[in-house]
Amino acid sequence: MDRLTTRRAFASLAAGLALTSTSLVQAQDTGGFPSQPLRIVVGFPAGGPTDVSARLIAESLTRSLGQPVIVDNKPGANATLAADIVARAKPDGYTILMAATNHPINASLYKNLKFDSEKSFAPITAVAVAPTVLVVNPKFPAKTYAEFIALVKSSPGKYTYASAGNGGTPHLSAEMFKGLTGTSIVHIPYRGAAPAVTDLMGGQVDMSFATLGSVLPLLQSGQLRAIAVAAPQRSRLLPDVPTFEESGLKNFRLDSWYGLMAPAGTPKPVIDRLYTDIVKAVTQTAYQQKLNAAGLEPVTTSNPTQFTEQLRHEISTYGALVRANNVVLD
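In terms of mature numbering (1 follows the signal peptide of the UniProt record, and there is no 0), the sequence shown is residues -27 to -1, 1 to 303.
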């Protein structure tokens, strides 16, 4: 019995030493990361889909990393101010950017950025995606796409559309739509999705090519009305709303993604730790339900390498779209 007890004691001690050794190696690999609060910088005001995505991730990371993760809203210049803050931050993993699709678009829209949209960042992972949906004020006369296109074509320059800012996906979507349909709609840019949607509900503007994440609750409550979705198939969050393809407009699609990036030069072990903990968050049922409630779909198949390739591809693709549709800053 004494020998058995002794063997068990040694086995327990060995297991404990192994766990301690593993923890020490992990701590050394990441430089003890994290040992202080983290900051996620968001280039838009509170309330929009980029902000919602950041806050859901921050909530989960606070628990898994054992450090507070703070969301810091720095709106302005279509999120280039926030991107510049992160690009210039110390590459230690404590300052992260919640980027969106406007990030690769900005690479072509702005000629004098203080950072390189690709080389100044270390992509971690995309976390959410949302389709573009054409929404109107409930008092807008048209209820179907056929009625809508007939109305705007009959009165060039009369109707207005709101965007979350120059160069964002709502702006680029609308300009693509105008190019495809030969329509004339006046752009009214705002500093974020939340104020744009507020004025749309109030009737100050007529429509928006909005990301679903910024308008889903308002569509569900009847405060806005959807005309069509710019996606290959209907959104499961809006099953009764047809796609533009179904409605007769071909080749009109533009999704909005949301993802996290650190400053270039952030050590790989730190990137890997952040990626691992973020993936844990986006695969949780509770997180996905909260994301769906905000009109967003989770992305669970984007690692740092894939996200880097996606960013490189979209900088090239959106650059071509910007030039082809002559999108300029108003």
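For every residue, glycine included, the Cβ atom is placed at its ideal position computed from N, Cα and C.
Assuming THR156 contacts THR105 under a Cβ cut-off of 8 Å, what Cβ separation, rounded to an integer in Å, is found between them? 16 Å between Cβ atoms; not a contact.
What beta strand (DSSP E) runs, 3 residues minimum, are completely inside the stretch 139 to 224? 159 to 162, 180 to 184, 198 to 203
DSSP beta-bridge partners for GLY232? ALA72, ALA99
Secondary structure of LEU82, DSSP reduced to three states: helix
Just the C-alpha distance for PRO96 and SER90, rounded to the nearest angstrom, thanks. 11 Å
Coil, strand or helix - SER93 by DSSP: coil
Using a threshold of 8 Å, state whether the C-beta atoms of ASN298 and GLU148 are closer than that. yes
CB-CB under 7 Å to LEU29, same chain, minus the five flanking residues each way: which ones, in chain order? TYR260, LYS263, LEU264
Would you say ILE78 and TYR291 are within 8 Å of each other, going by their C-beta atoms? yes
Host alpha helix (DSSP H) of ASN265 (start-end): 258 to 266
Across the stretch 116 to 123 and the stretch 213 to 222, are there enough close Cβ pairs to call them in contact, namely three or more that are closer than 8 Å? yes
Give the range of the alpha helix (DSSP H) segment to which SER33 is assigned. 22 to 38
Tell me the rounded alpha-carbon separation between ARG146 and GLY221. The sequence given here has Ser at residue 146, not Arg. So the two alpha carbons sit approximately 17 Å from each other.
If you measure from the beta carbon of ASN110 to each beta carbon in chain D, is any gap under 8 Å? Although the question refers to chain D, the structure presented lacks it and comprises just one protein chain.
Contact check, LEU173 vs SER181, beta carbons under 8 Å: yes
Does DSSP put SER289 in a helix, in a strand, or in coil? helix
Along the alpha helix (DSSP H) that carries ARG246, what are the first and last residues, could you check? 241 to 255
Does the distance from the CB of residue 306 to the CB of THR35 come in under 8 Å? Missing from the structure shown is residue 306; the chain here goes from -27 to 303 and no further.
Ignore the nearest five residues each way along the sequence and tell me which others in GLN196's own chain have a CB closer than 8 Å to its CB. PRO111, MET174
CA-CA distance, ALA72 and MET234? 7 Å
Three-way DSSP call (helix, strand, coil) for THR281 in this model: helix
Taking just the CA atoms, how far does ARG285 sit from LYS151? 27 Å
Decide if ILE200 is buried, meaning its Cβ has at least 16 other Cβ atoms within 10 Å, or exposed. buried
Straight-line gap, ASP65 to GLN283 (C-alpha atoms, nearest Å): 23 Å
Could you check how far apart the C-beta atoms of HIS144 and PRO129 are, in whole angstroms? I think they sit under 8 Å. Rounded, the Cβ-Cβ distance is 19 Å, inconsistent with contact.
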